[in-house]
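**Student:** Each residue of the sequence shown is one higher than the one before, counting from 6 in my numbering. All C-beta atoms, glycine included, are put in the ideal place defined by N, C-alpha and C.
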Amino acid sequence: MNVALIVQKFGGSSLATPEHIRRVARIIAETKNSGNQVVAVVSAMSGETDRLLKLAREISEEARERELDALAATGEQASAALMAMALEDLGVPARSFLGLQLPLLTDEQHTRARIIKLPTERLKKTLDQDIVPVVAGFQGVNANGDITTLGRGGSDTTAVALAAALKADACEIHSDVDGVYTADPAICPQARHLRRITYGEMLEMADMGAKILQIRSVELARKFKVPLLIKSSFGSDKCTWIVEEEINMESAVISGIILSRNEAKLSVIRVPDRPGVAYRILAPLAEAAINVDMIIQNASIDGCTDFTFTVPKTDLKKTRELVEQVITEIGAQELRTDDDIAKVSAVGLGIKNCPGVAARMFKALAGEGINIQMISTSDIRISCVIEAKYGELAVRVLHDAFELEKRNNERTNNFSQ
Ligand code: ASP
Ligand code: MG
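1) Closer than 5 angstroms from C-beta to any heavy atom of the ligand MG: which residues, in chain order?
2) Once you ignore the five residues that flank Ala91 on each side, which residues in its own chain have a CB closer than 6 angstroms to its CB?
3) Which same chain residues end up closer than 6 angstroms to Asp212 when comparing Cβ atoms and leaving out the 5 residues on each side of it in sequence?
4) Suppose you measure from the CA of Leu87 to the CA of Glu70; what does that come to, to the nearest Å?
5) Hey, would you say Val46 sits closer than 8 angstroms to Gly142, going by beta carbons?
6) Taking a contact to mean a Cβ-Cβ separation below 8 angstroms, would you say Thr125 touches Thr153 in this structure?
7) Going by the beta-carbon positions, is the gap between Pro277 and Leu327 smaller than 8 angstroms?
8) With which residues is Val248 paired in a DSSP beta bridge?
9) Starting from Asp343 and walking both ways along the beta strand (DSSP E), at which residues does that stretch end?
10) For a test of the three-state rule: what should DSSP assign to Leu123, helix, strand or coil?
11) Cβ of Thr54 versus every heavy atom of the ligand ASP: is any distance shorter than 7 angstroms?
12) Check the C-beta distance from Leu123 over to Ala173 and give it rounded, since I have them as a contact under 8 angstroms.
13) Rounded to whole angstroms, what's the CA-CA distance from Gly261 to Leu57? Just pull it up for me.
14) From Leu398 to Ser19, what distance separates their C-alpha atoms?
15) Decide if Ile306 is buried, meaning its Cβ has at least 16 other Cβ atoms within 10 Å, or exposed.
16) For a test of the three-state rule: what should DSSP assign to Asp74, helix, strand or coil?
17) Quick one: what's got a C-beta closer than 6 angstroms to Arg386's C-beta in the same chain, skipping five residues either side?
18) How would you label Arg412, buried or exposed, when you count the other beta carbons within 10 angstroms and need 16 or more for buried?
19) Taking 7 angstroms as the cut-off, is the beta-carbon of Ala49 closer than that to any non-hydrogen atom of the ligand ASP?
20) Decide if Asn418 is buried, meaning its Cβ has at least 16 other Cβ atoms within 10 Å, or exposed.
21) How is Ser39 classed by DSSP in three states: helix, strand or coil?
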């Protein structure tokens with residue numbers, strides 16, 4: 006039998022107490038004892054990163070990001086050491102490793118660093134000695150030798166990067182959810198668990214996906230074709246594989262309905278319709294690193310058009326200030342903003358080659374008297390901006406309209422698992 010190499014990552018809620026840590030150690034031990042090689046990656050214990058960052062704010066609102074990283078990285082340092090102890094206690098030889106011991110080399114951007122290089126010699130040597138490496142997630146080291154972190158939720162990215170570098174057979178993400186559902190079960194009781202979903206769909210479900218794992222880790226997994234598995238460490242036997250699309254994949258038209266309440270809408274009214282205007286409106290936002298999501302511009306009738314777009318709610322104030330500065334310069338009439346909106350999206354591979362999906366979606370919303378304010382599409386997603394109060398209703402209505410509660414909607418091919 007071939008020995009499989011599995012990277013197992015455990016989130017903070019799976020490590021909340023010593024009891025939790027011991028339970029996770031048993032999961033790792035079982036995986037190893039059934040003949041696999043395991044590299045464990047751990048987050049900080051539940052709430053620890055928040056606690057540390059709050060502490061920093063109590064000391065200083067202006068703390069340098071270098072020091073914030075030095076502080077936040079200690080959460081993972083503690084849980085990696087504790088996990089190695091718990092494993093040894095079970096008779097499983099284990100060693101903890103910090104980012105700088107590998108070293109997981111990143112760029113200079115403190116608090117949101119990107120991985121540049123990830124040597125595997127030390128880990129391979131450890132595995133060869135039949136010892137389980139326990140890697141502290143979320144952290145790295147830059148060329149100056151300073152500690153960096155990969156952004157909130159960054160342990161997922163550590164795990165996928167390790168799986169890619171080690172050419173692991175799978176990367177398991179263990180948390181308190183047992184996978185991806187056709188909708189948020191808290192909103193839609195009919196929501197069905199999905200056994201598989203493609204990287205592309207998961208990325209389009211970013212708002213929902215981000216609650217499950219750092220979206221950057223999915224991008225990385227897709228790039229390096231790392232099979233990702235979402236699993237619960239709390240005893241559910243369900244899981245969701247995130248995998249590549251196969252050529253002969255018999256796919257569901259729609260895999261899931263997602264609700265996002267994180268965006269706000271801005272409309273620049275009566276913008277003179279001439280070259281360069283959209284650029285003038287959006288350039289300052291790009292410079293301020295504000296992510297513009299949907300953009301709509303109508304055809305002009307009398308030389309003027311309305312230009313509407315969405316940004317994260319948290320960036321609304323800044324965006325308003327920046328756009329207000331340009332509206333007089335470009336001769337537009339006024340700026341209107343609205344943060345009482347929700348975005349409901351249908352995501353599925355079948356959208357590409359199944360005509361009528363958009364019509365079905367709009368019909369279902371119309372049937373409930375829900376007005377669509379904006380529409381945007383990709384080849385596997387259709388999103389509508391609607392009034393915030395209809396968000397949850399829209400999810401249920403669309404879940405019904407696409408009959409997502411039925412299992413035969415799920416794709417039927419054989420994935421290699
Ligand atoms: N502990 C870090 C955070 O809370 C990283 C992680 O959990 O993935 O963001
Ligand atoms: Mg997480």
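**Tutor:** So, from the data block:
1) Gly16 and Gly158
2) Ile26, Arg27 and Ala30
3) Ile263 and Ser265
4) 26 angstroms
5) yes
6) For Thr125 and Thr153, no; Cβs fall outside 8 angstroms.
7) The Cβ atoms of Pro277 and Leu327 do not sit closer than 8 angstroms to each other.
8) For Val248, which the question treats as bridged, DSSP gives the partners Thr203.
9) Glu339 to Asp343
10) coil
11) yes
12) Contact doesn't hold; Cβ gap of about 12 angstroms is too wide.
13) When only Cα atoms are considered, Gly261 and Leu57 end up about 36 angstroms apart.
14) 32 angstroms
15) exposed
16) Helix.
17) Glu209, Ser350 and Val352
18) exposed
19) yes
20) The pLDDT assigned to Asn418 is 38, lower than 50, so where the model puts this residue is not dependable; a value taken from the coordinates is nonetheless given after this. Answer is exposed; the Cβ neighbour count stays below 16.
21) coil
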